[in-house]
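Student: I'd like to ask some things about the structure below.
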């Protein structure tokens, strides 16, 4: 029979709840209502769509689950600030292993590499000053952490400063999509940074080397990234980035000639 050749044997009917939900969602995308705005009441929406209030309530609950709106008891429903960042935050533990960190490393290399190249070509003086400010803050907090490497709060602070420095490079691209993607996976990137900082500083300690400021003792430094952008040196930026991210082992961070067993080169 000819009907047997059809791929889909059934046509699914879209429920009333889904239709109402999709219509309100499209209105949000069209910015009929903006962040913080109060939506019409359930009764008003039911009358507008020609459906019962239960269908409207279920549609609003669906949108609330998606994080598009928030419902306040006794007040109504309001347009929420939407972000997928909490979703990626929940996924972060799944990437807290060697294979997962490699995936995050590759994502960072892709985004940070592209944005560094854009920054080299088209960054403004204001952009570069902001990056310098981030660099100075990172160096300050890194020095504080290096004096007390078991202090979890100080580790958290330097991780945040490290993320802020790299995010500033993303911002120098002036590409909103790149910025949004980087912030979406902030928790994944911060976990990757935390692993690198913690592993490397303890490796240096085990090697019997002075912790001090790592940036003054190795070519794989945030200072070197900043200088490569200022100097317009794409190749230097690539080399430093690959070492900072751990793609290429960095002397003074991942290996120390005779200080550490070769099997411990990689985190």
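Residue numbers (the numbering used here): 492 to 758. Think of the CB as a built atom: it goes at the ideal place given N, C-alpha and C, for glycine as much as any other residue.
Please confirm if the segment 718 to 736 is in contact with the segment 586 to 604, defined as three or more CB-CB distances below 8 Å between the two stretches.
Tutor: Short answer: they touch.
Student: Among 722, 743, 667, which residue has its Cα nearest to the Cα of residue 694?
Tutor: That would be 743, whose Cα lies nearest to the Cα of residue 694.
Student: Could you pull out every residue in the same chain whose Cβ sits closer than 7 Å to the Cβ of residue 543, ignoring the five residues on either side in sequence?
Tutor: Correct list, in chain order: 537.
Student: Quick check: the Cα distance between residue 621 and residue 540, rounded to an integer number of angstroms?
Tutor: Roughly 50 Å between the two C-alpha positions.
Student: Can you give the beta carbon distance from residue 596 to residue 683, rounded, assuming they're within the 8 Å contact cut?
Tutor: Confirmed, Cβ separation roughly 7 Å.
Student: Using 10 angstroms around the beta-carbon of residue 722, count the other beta-carbons present and answer buried if the total reaches 16, otherwise exposed.
Tutor: By the 10 Å Cβ count, residue 722 comes out exposed.
Student: Going by C-alpha distance, which of 746, 591, 650, 530 is nearest residue 711?
Tutor: For residue 711, the nearest C-alpha among the options comes from 746.
Student: Tell whether a beta-carbon distance below 8 Å holds between residue 529 and residue 567.
Tutor: Their beta carbons are under 8 Å apart, which means residue 529 touches residue 567 by this criterion.
Student: Could you have a look at residue 690 and say whether DSSP puts it in helix, strand or coil?
Tutor: Reduced to three states, the DSSP call for residue 690 is helix.
Student: Would you mind sorting residue 520 into buried or exposed? The rule is 16 or more other CB atoms within 10 Å of its CB.
Tutor: Classification of residue 520: exposed, given that the 10 Å Cβ count is below 16.
Student: I need the DSSP call for residue 719, collapsed to helix, strand or coil.
Tutor: DSSP places residue 719 in helix when its eight states are reduced to three.
Student: From 553, 687, 725, 531, pick the residue whose C-alpha is nearest to that of residue 588; which is it?
Tutor: With distances taken between Cα atoms, residue 588 lies closest to 687.
Student: Please list the terminal residues of the continuous beta strand (DSSP E) segment that includes residue 649.
Tutor: Premise fails: residue 649 lies in the alpha helix (DSSP H), 643 to 662, not in any beta strand (DSSP E).
Student: Determine the DSSP secondary structure at residue 613, reduced to helix, strand or coil.
Tutor: It is helical.
Student: Please classify residue 492: does DSSP put it in a helix, a strand, or coil?
Tutor: Because residue 492 carries a pLDDT of 43, less than 50, the predicted location of this residue cannot be relied on, and no value is offered for it.
Student: Alpha carbon to alpha carbon, what distance is there between residue 691 and residue 527?
Tutor: Near 44 Å, if we compare the C-alpha coordinates of residue 691 and residue 527.
Student: Between residue 717 and the rest of its own chain, which residues show a CB-CB distance below 7 Å, the 5 nearest in sequence each way excluded?
Tutor: So the list reads 622, 623, 626, once near-sequence residues are dropped.
Student: Indicate whether the contact test is met: 3 or more Cβ pairs, each with one atom in the segment 609 to 619 and one in the segment 656 to 673, closer than 8 Å.
Tutor: Verdict: yes, contact present.
Student: Whole angstroms is fine: what's the gap from residue 720's alpha carbon to residue 660's?
Tutor: Going by the C-alpha atoms only, they are around 9 Å apart.
Student: From the DSSP secondary-structure annotation, give me the bridge partner or partners of residue 511.
Tutor: Looking at the DSSP assignment, residue 511 forms no beta bridge with any residue, so it has no partner.
Student: Please report the Cβ distance between residue 511 and residue 547, rounded to the nearest whole angstrom; I am assuming they are in contact, meaning their Cβ atoms lie under 8 Å.
Tutor: At roughly 6 Å, the Cβ-Cβ gap stays under 8 Å, so residue 511 and residue 547 are in contact.
Student: Near residue 518, which residues of its chain fall below 7 Å by C-beta distance, leaving aside the five closest residues on each side in sequence?
Tutor: Answer for residue 518: 524, listed in chain order.
Student: May I ask you to list the residues that DSSP assigns as paired with residue 746?
Tutor: Looking at the DSSP assignment, residue 746 forms a beta bridge with 742.
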